[in-house]
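Remarks on the structure that follows.
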Amino acid sequence: MREAVIVSAVRTAIAKEAGALKDLSPEEYAGLVIKEAVIRSGILDPKIIEEVIFGHCLGAPGCMARVALLKAGLPMSIPGVTIDRQCGSGSTAVNLAATYIQSGAAEVCVAGGVDSMTLAPFMVERPRAAYQRVPSNYIHPRPLAPKEIGDPPMGITAENVAERWGVPREEQDEFAYLSQIKAARAISEGRFQEQIVPVSIPQRKGEPLLFATDEHPRPDTTLEKLAKLPPVFRKDGTVTAGNSSGLNDGAAALLLMSAEKAAELKLKPLAAVRSFAAAGVDPNVMGIGPVPATQKALAKAGLTVEDLDVIELNEAFAAQAIACCRDLGLDWRNQEKLNPNGGAIALGHPIAGSLAILTTKAIYELHRRKGRYALITACCGGGQGVATIIEKV
């Protein structure tokens with residue numbers, strides 16, 4: 041089996057909902073990161089790219105990957121495919137690109153993910169009595185799981201995990217506080233500067249502004265402030281806005297190729313894809329999805345959690361992140377290994393863009409600390425988990 045390597049990885053800064061990226065369509069900044077990933081890869085002829093695979097799950101129907109690659113100025117001969125595995129879409133795109141390369145189906149691929157919570161369309165059931173035809177501004181909603189099994193809102197799944205795994209409110213708030221502290225430190229130390237491609241934001245008057253710093257973190261967060269926040273999903277619950285991920289916009293793109301192709305082009309890879317896996321779990325506790333997915337990926341790579349230098353565990357909710365750490369035998373208070381530069385609670389969660397962003401963060405963090413292995417993992421709406429293990433090369 042051929043080796044799939046990552047030769048470039050870039051992301052946008054993560055914007056708040058209705059924040060810095062509110063006036064840009066997701067295909068615009070998806071196109072921007074694709075273009076930058078190609079430039080940074082060092083390839084001279086983009087025609088060698090054989091596929092663009094992009095995760096996207098919040099927009100109206102259409103092929104985001106194809107639109108974005110054309111926005112990036114890539115040749116019209118390059119095809120694109122859009123995938124939806126909810127929060128795991130970005131890393132699933134990377135995994136599919138790696139599969140193409142490992143199997144010999146392609147030599148060079150671009151993978152990534154994007155979502156805009158700001159521009160996500162409202163979805164409602166079609167009022168059949170009122171309309172004989174489907175109104176053009178209505179989109180039929182898609183369930184994440186059959187109702188007879190359970191298709192609860194994401195916040196309720198977090199409450200379910202907190203209850204079943206016995207994760208107290210105090211631990212959830214502490215986890216959230218640590219996420220904010222780590223993110224603030226990473227930003228102040230400039231750890232994200234190299235991985236972020238600035239986005240030019242047009243202004244009504246004057247020159248465009250450059251958006252290049254994650255805007256969701258709250259560096260003034262304290263445990264006392266977190267403790268005062270009310271639960272938002274159950275009256276007697278423990279999940280709050282402060283210990284949950286945010287609603288955000290953002291994108292990331294990575295260029296992958298075979299190790300042989302990289303050697304032929306005299307390009308130095310950043311990392312190699314060592315293993316990946318996906319798993320299904322009960323949709324009512326979808327937040328535990330990273331556990332079986334990670335266990336499968338570790339087994340495929342012949343590794344244990346002790347071998348991992350960096351773990352990027354998507355913080356959909358503090359409750360599920362803590363539960364996953366417990367089941368995997370991880371110390372969630374280990375700030376050097378687990379989400380060392382903050383996670384989605386602080387930095388934000390642009391759904392299909394998140395795991396491509398986390399993969400990018402993991403690559404740069406491995407190089408910063410001269411580590412070897414990183415795990416990127418997340419739960420996915422509908423009861424799934426994804427995991428990818430990369431190695432710095």
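Each number in my numbering comes from the position in the sequence shown (counting from 1) with 40 added on. Note that CB positions come from ideal geometry on N, CA and C, so glycine has one too.
Is A392 near V350, with beta carbons less than 7 angstroms apart?
Taking the sequence shown and counting its residues from 1, one reaches residue 392 at position 352. Taking the sequence shown and counting its residues from 1, one reaches residue 350 at position 310. Against a cut-off of 7 angstroms, the Cβ pair of V350 and A392 comes out as no contact.
Would you tell me roughly how many angstroms separate the C-alpha atoms of N379 and T278, rounded to the nearest one?
Indexing the sequence shown from 1 puts residue 379 at position 339. Indexing the sequence shown from 1 puts residue 278 at position 238. So the alpha carbons of these two residues sit roughly 22 angstroms apart.
Bridge partners of S48, per DSSP?
Residue numbering aside, residue 48 sits at position 8 when the sequence shown is read from its first letter. Partner(s): L295.
With DSSP collapsed to three states, give me the class of E304.
In the sequence shown, residue 304 corresponds to position 264, counting from 1. Residue state, collapsed to three classes: helix.
With C-beta atoms as the reference, is Q404 less than 7 angstroms away from V239?
As a position in the sequence shown, residue 404 is number 364, starting the count at 1. As a position in the sequence shown, residue 239 is number 199, starting the count at 1. Contrary to the premise, residue 404 reads as Tyr rather than Gln in this sequence. Going by C-beta atoms, Y404 is not nearer than 7 angstroms to V239.
Between which two residues does the alpha helix (DSSP H) harbouring Q212 extend?
For the purposes of this step, residue 212 is taken as residue 172 along the sequence shown, with counting starting at 1. Residues 209–228.
Three-state secondary structure (DSSP) of T253
Along the sequence shown, read from residue 1 onward, the residue named residue 253 stands at position 213. Coil.
P271 by DSSP, collapsed to three states: which one?
Stepping through the sequence shown from its first residue, residue 271 is reached at position 231. It is a strand residue.
When you compare each of A160, A202, A312 to R366 by their alpha carbons, which one comes out closest?
Position 326 of the sequence shown, counted from the first residue, corresponds to residue 366. With distances taken between Cα atoms, R366 lies closest to A202.
C-beta atoms of K336 and A317 nearer than 7 angstroms:
On the sequence shown, position 296 is the one that residue 336 refers to. On the sequence shown, position 277 is the one that residue 317 refers to. The answer is yes: Cβ separation under 7 angstroms.
Between which two residues does the alpha helix (DSSP H) harbouring S131 extend?
Translated into the one-based positions of the sequence shown, residue 131 becomes position 91. That run of the alpha helix (DSSP H) goes 129–143.
Could you give the first and the last residue of the continuous beta strand (DSSP E) run that contains S81?
Here residue 81 refers to the residue found at position 41 of the sequence shown. It is not in any beta strand (DSSP E) - S81 instead sits in the alpha helix (DSSP H) that spans 66–81.
Would you report the Cα separation of L159 and G190, rounded to the nearest angstrom?
Your numbering for residue 159 matches position 119 in the sequence shown. Your numbering for residue 190 matches position 150 in the sequence shown. Taking the straight line from one Cα to the other gives about 27 angstroms.
Can you check whether the CB of K56 is closer than 7 angstroms to the CB of E210?
Along the sequence shown, read from residue 1 onward, the residue named residue 210 stands at position 170. Along the sequence shown, read from residue 1 onward, the residue named residue 56 stands at position 16. No, Cβ-Cβ distance for E210 and K56 is not below 7 angstroms.
V240 - partner residues in DSSP beta bridges:
Your numbering for residue 240 matches position 200 in the sequence shown. The amino acid occupying residue 240 in the given sequence is Ser; Val does not appear at that position. According to DSSP, which records beta bridges pairwise, S240 is partnered with L250.
Keeping to the same chain, check which residues put their C-beta closer than 6 angstroms to that of F251; ignore five residues upstream and five downstream.
As a first step, residue 251 is located in the sequence shown; it is residue number 211 there, counting from the start. Within the same chain, F251 has close Cβ partners A53, A60, V239, I241.
Which runs of the alpha helix (DSSP H) fall wholly inside the stretch 315–344 and span at least 4 residues, in chain order?
330–341
Reduced DSSP category for Q412 - H, G, I as helix; E, B as strand; rest coil:
Residue numbering aside, residue 412 sits at position 372 when the sequence shown is read from its first letter. Just to set this straight, residue 412 is Arg in the shown sequence, not Gln. Of the three classes helix, strand and coil, the one that applies to R412 here is coil, per DSSP.
Evaluate the contact criterion for the stretch 291–311 versus the stretch 143–152: three or more CB pairs, one atom per stretch, below 8 angstroms.
yes
Assess, as a yes-or-no matter, whether the stretch 267–282 is touched by the stretch 191–201 under the definition of 3 or more beta carbon pairs within less than 8 angstroms.
yes
Please confirm if the stretch 216–227 is in contact with the stretch 261–275, defined as three or more CB-CB distances below 8 angstroms between the two stretches.
yes
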